[in-house]
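J.: Residue numbers (my numbering), protein chains in the order written: chain H, 78 to 403; chain L, 78 to 403.
All residues carry an ideal CB built from backbone N, CA and C; glycine is no exception.
1. Return the chain-ordered ranges of every beta strand (DSSP E) run that is complete within the stretch 161-205 of chain H and spans a minimum of 3 residues.
2. Locate the alpha helix (DSSP H) running through residue 282 of chain H, then write down its first and last residues.
3. If I follow the unbroken alpha helix (DSSP H) through residue 265 of chain L, where does it start and stop?
4. Just verifying my parser: in three-state terms, what is the DSSP assignment at residue 146 of chain L?
5. If you measure between the beta carbons of residue 54 of chain L and residue 353 of chain L, is that distance less than 8 Å?
6. Return the Cβ separation of residue 125 of chain L and residue 101 of chain L in integer angstroms, given the expectation that the two are a contact with Cβ distance under 8 Å.
7. Which value, in whole angstroms, describes the spacing of the CA atoms of residue 289 of chain H and residue 324 of chain H?
8. Is residue 371 of chain H helix, strand or coil by DSSP?
9. Below 9 Å between beta carbons is the criterion; list the residues of the stretch 238-255 of chain H that meet it against any residue of chain L, in chain order.
10. Between which two residues does the beta strand (DSSP E) containing residue 248 of chain H stretch?
11. Where does residue 284 of chain L land, buried or exposed, given buried means 16+ other C-beta within 10 angstroms?
12. For residue 175 of chain L, collect the residues of the same chain with a Cβ closer than 7 Å to its Cβ; drop the 5 residues on either side in sequence, then sort them by chain order.
13. Straight-line CA distance for residue 113 of chain L to residue 322 of chain H?
14. Spell out whether any CB of chain L is found under 8 Å from the CB atom of residue 288 of chain H.
15. Compute the Euclidean distance between the alpha carbons of residue 177 of chain H and residue 272 of chain L, then round it to the nearest angstrom.
16. Could you pull the start and end residues of the beta strand (DSSP E) that residue 101 of chain L belongs to?
17. Is it buried or exposed for residue 104 of chain H, if we count other Cβ within 10 angstroms and need 16 for buried?
18. Identify which residue in L:287, L:334, L:294, L:296 has its Cα closest to the Cα of residue 314 of chain L.
19. Could you tell me the boundaries of the alpha helix (DSSP H) in which residue 327 of chain H lies?
20. Do the CB positions of residue 93 of chain L and residue 111 of chain L come within less than 8 Å of each other?
21. Determine contact between the stretch 234-247 of chain L and the stretch 371-381 of chain H, defined as no fewer than three beta-carbon pairs at a distance below 8 Å.
22. Using a 10 Å radius around the Cβ and a threshold of 16 neighbouring Cβ atoms, would you call residue 270 of chain L buried or exposed?
23. Return the bridge partner residues of residue 219 of chain L from the DSSP annotation.
24. By the 10 Å Cβ neighbour count, where 16 or more other Cβ atoms means buried, how is residue 241 of chain L classified, buried or exposed?
25. Run down chain H in chain order and give the residues with a C-beta less than 8 Å from the C-beta of residue 259 of chain L.
26. Please report the straight-line C-alpha distance between residue 361 of chain L and residue 332 of chain L, rounded to a whole angstrom.
27. Less than 8 Å between C-beta atoms, sequence neighbours within five positions excluded: which residues of the same chain meet that for residue 256 of chain L?
28. Short of 7 Å in beta carbon distance, which residues of its chain neighbour residue 397 of chain H, apart from the five on each side in sequence? Order them along the chain.
29. When the distance is taken between beta carbons, is residue 310 of chain L closer than 8 Å to residue 357 of chain L?
30. Given this structure, state the Cα-to-Cα distance separating residue 282 of chain L from residue 319 of chain L, to the nearest angstrom.
31. Under 8 Å between the Cβ atoms of residue 363 of chain L and residue 336 of chain L?
32. Taking the beta carbon of residue 277 of chain H as the centre, do at least 16 other beta carbons fall within 10 Å, making it buried, or is it exposed?
33. Looking only at its own chain, which residues have a Cβ that is under 7 Å from the Cβ of residue 133 of chain L, when we skip the five neighbours before and after it?
34. Going along chain H in order, which residues have a C-beta closer than 7 Å to the C-beta of residue 378 of chain L?
35. Buried or exposed: where does residue 251 of chain H fall if 16 or more other Cβ atoms within 10 Å of its Cβ makes it buried?
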């Protein structure tokens, strides 16, 4: 517990394939300050650990605080995690295998470090900060470059036998459907992630379909971002509308599947795609889920978009730090 | 606990849409005797309760025991169950809603009654009796007339918010696929249940395809049973082979989805379709699941067919009775 020399600060780190985001939180998990660095995973594990430590120091310094005031650090990492040892078992985006993240970071910072899967961390953040812990059965579904999820079942994080539970993105929804990065066809991720949306739009533009996106970004659409889709939709772009609607329908079917299997009380959606396209997608997602889930199973189940946005990861990591810290 | 006048007997009841099976079990859950009655659900809730009571009495009598020796009765019921109150919240096959099964049966038999969803009960039975409790994360998948499942996660039964978790049969695997009884298309149940297998065979026979089944059963195939498919396969019937292989592939994909989502340690398959076609289906199911699940997630996961067969339900119900009884 806090001694005389420490305040009750917690740092949450969202470790992604391209960027590291660190946030300094007060004892009630109010976000005080953030810092960001690129991950540069190609430089190897040791270098990424250095960059995480630097990002944590930067965030604490930005908040005019000192590392001495930090009680614990939580990290959400993109892969399978042994939450007991703090090892990242494997993280394809970082090309890590059995990486002792906790141990190496504790060496550098001399503060207790706790590691969790990134989507599980986000779900913890939503559960604790956004929903104030009011449900025992929460499923988080995050649509970004890929699609992942986190599960809180009967009041506890469900991690599974290999610590990999929540790989929702590779649920096959359409046998023989579009190719997924994992090698299979018709995965949820191949139908509704940002990657899937962009690929579909780019293919249809190549095939001669018209969209305002090419006026905005040029024919190659190389710089396409989720926010551009929102702009195109507001200009009434038919192609983008069709593609986004289709992704929302597949998301609704995926959520119906998950509700039928797990019967959570609350399903929360997040990630860059939802953050950018919430207004356009959520009503279709909910309507489709109601259409596909068993009536007795979806009865009373809430489906909502997280308000935490980009900060879901650091918030959840801070929740982890606070709850695991003794 | 047992007093002088009682032995440690438990009765497990498998309540189905068409038949009631009751089994008397010894204290170590050895099956002593069974009895069977048709359900006759059209006669209404009160009548079915009477028949369950009669079936329990018959089984105990067949075992040359007395009801006084029975410590507790467990029942697996086909629907959503409130396992605390022993009410069947809804069971479409029985046309029950908020049916006070525990209360009414306790009135008749004066023995403690515990009620659980049938697939959850089967999963409990496999967990306790077949696997000797050796895993904390078990998923049961049962292929019969319909498809259902049971979940033991982190050592506890997962029932979910409405007590309906485990509706695996209505996971959509093929958007736009064959029509399901639930009104949707492409559900697992519409692709791999007995109903789906028979419908596919009957449609293809109508369309002029040849099969030894018509020699065995006549052109209408009205009396088709799962065992007939096995006989046809052993005669080298190509049509049945294709249909069974396809169902096994869809089952493998469904199991890969579930492994990706929940990461159990053991997946056990059961139900009439598996009991009849285990030799033909299991290797395809396992191969397909390995092909579709994420390598880090399926690593070390066992997929096996239950040996409990038709007795899975009564065994699980007896496990329930023994574990809940104080």
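T.: Let me spell this out:
1. Counting only runs of 3 or more, we get 164-168, 173-176, 190-194.
2. The count along the first chain starts at 1 and reaches residue 282 of chain H at position 205. Unbroken alpha helix (DSSP H) run through residue 282 of chain H: 271-283.
3. Counted from its first residue, the second chain places residue 265 of chain L at position 188. In the DSSP annotation of this structure, residue 265 of chain L is not part of any alpha helix (DSSP H), being labelled neither H nor E.
4. Along the second chain, one-based indexing puts residue 146 of chain L at 69. Of the three classes helix, strand and coil, the one that applies to residue 146 of chain L here is helix, per DSSP.
5. Since the first and last residues shown for chain L are 78 and 403, residue 54 of chain L lies out of range.
6. The residue labelled residue 125 of chain L in the question sits at position 48 within the second chain. The residue labelled residue 101 of chain L in the question sits at position 24 within the second chain. 20 Å between Cβ atoms; not a contact.
7. Indexing the first chain from 1 puts residue 289 of chain H at position 212. Indexing the first chain from 1 puts residue 324 of chain H at position 247. Each residue's alpha carbon lies about 19 Å from the other.
8. Counting from one through the first chain, the residue named residue 371 of chain H turns up at place 294. The answer is coil: DSSP assigns residue 371 of chain H none of H, G, I, E or B.
9. 238, 239, 240, 241, 242, 243, 244, 245, 246, 247, 248, 249, 250, 251, 252, 253, 254
10. The count along the first chain starts at 1 and reaches residue 248 of chain H at position 171. Segment: none, residue 248 of chain H is in no beta strand (DSSP E) and carries neither H nor E.
11. For the purposes of this step, residue 284 of chain L is identified with residue 207 of the second chain, where counting begins at 1. Exposed: under 16 other Cβ atoms inside 10 Å.
12. As a first step, residue 175 of chain L must be located in the second chain, where it is residue number 98. Close CB contacts of residue 175 of chain L within its chain, under the 7 Å cut and outside five residues either way in sequence, are with 164, 166 (chain order).
13. In the second chain, residue 113 of chain L corresponds to position 36, counting from 1. In the first chain, residue 322 of chain H corresponds to position 245, counting from 1. Roughly 52 Å separates the two Cα atoms.
14. Along the first chain, one-based indexing puts residue 288 of chain H at 211. Closer than 8 Å: no.
15. In the first chain, the residue the question calls residue 177 of chain H occupies position 100. In the second chain, the residue the question calls residue 272 of chain L occupies position 195. Distance between the alpha carbons of residue 177 of chain H and residue 272 of chain L is about 51 Å.
16. In the second chain, residue 101 of chain L corresponds to position 24, counting from 1. For residue 101 of chain L, the enclosing beta strand (DSSP E) covers residues 96-102.
17. Start at 1 with the first residue of the first chain, and residue 104 of chain H comes out as number 27. Answer is exposed; the Cβ neighbour count stays below 16.
18. Indexing the second chain from 1 puts residue 314 of chain L at position 237. Here the closest residue by C-alpha is L:287.
19. Position 250 of the first chain holds residue 327 of chain H. For residue 327 of chain H, the enclosing alpha helix (DSSP H) starts and ends at 315-339.
20. Within the second chain, residue 93 of chain L is the residue found at index 16, counting from 1. Within the second chain, residue 111 of chain L is the residue found at index 34, counting from 1. Taking 8 Å as the Cβ cut-off, residue 93 of chain L and residue 111 of chain L do not qualify as a contacting pair.
21. yes
22. On the second chain, position 193 is the one that residue 270 of chain L refers to. The C-beta of residue 270 of chain L has 16 or more other C-beta atoms within 10 Å across all chains shown, which makes the residue buried.
23. Reading the second chain from its first residue, position 142 is the one you call residue 219 of chain L. Per DSSP, L:225, L:347.
24. Sequence index remark: in the second chain, residue 241 of chain L carries index 164 (1-based). Buried, by the Cβ-count rule.
25. As a working note, residue 259 of chain L is residue 182 in the second chain. Among the residues of chain H, those whose CB is under 8 Å from the CB of residue 259 of chain L are 371, following chain order.
26. As a working mapping, residue 361 of chain L is identified with position 284 in the second chain. As a working mapping, residue 332 of chain L is identified with position 255 in the second chain. Near 12 Å, if we compare the C-alpha coordinates of residue 332 of chain L and residue 361 of chain L.
27. The residue labelled residue 256 of chain L in the question sits at position 179 within the second chain. For residue 256 of chain L, where only same-chain residues beyond five positions count, the Cβ hits under 8 Å are 262, 267.
28. The residue you call residue 397 of chain H lines up with position 320 of the first chain. Once the five neighbours on either side are set aside, the close Cβ partners of residue 397 of chain H are 151, 191, 193, 198, 201.
29. As a first step, residue 357 of chain L must be located in the second chain, where it is residue number 280. As a first step, residue 310 of chain L must be located in the second chain, where it is residue number 233. Taking 8 Å as the Cβ cut-off, residue 357 of chain L and residue 310 of chain L qualify as a contacting pair.
30. Position 205 of the second chain, counting from 1, holds the residue named residue 282 of chain L. Position 242 of the second chain, counting from 1, holds the residue named residue 319 of chain L. Going from the Cα of residue 282 of chain L to the Cα of residue 319 of chain L covers about 13 Å.
31. Here the question's residue 363 of chain L lines up with position 286 in the second chain. Here the question's residue 336 of chain L lines up with position 259 in the second chain. Not a contact, by the Cβ cut-off of 8 Å.
32. Stepping through the first chain from its first residue, residue 277 of chain H is reached at position 200. Classification for residue 277 of chain H: buried.
33. Taking the second chain and counting its residues from 1, one reaches residue 133 of chain L at position 56. Excluding positions up to five away in sequence, the list reads 88, 90, 99, 150, 186.
34. The residue you call residue 378 of chain L lines up with position 301 of the second chain. By Cβ distance, chain H contributes 238.
35. Taking the first residue of the first chain as 1, we reach residue 251 of chain H at position 174. Residue 251 of chain H is buried by the Cβ-count criterion.
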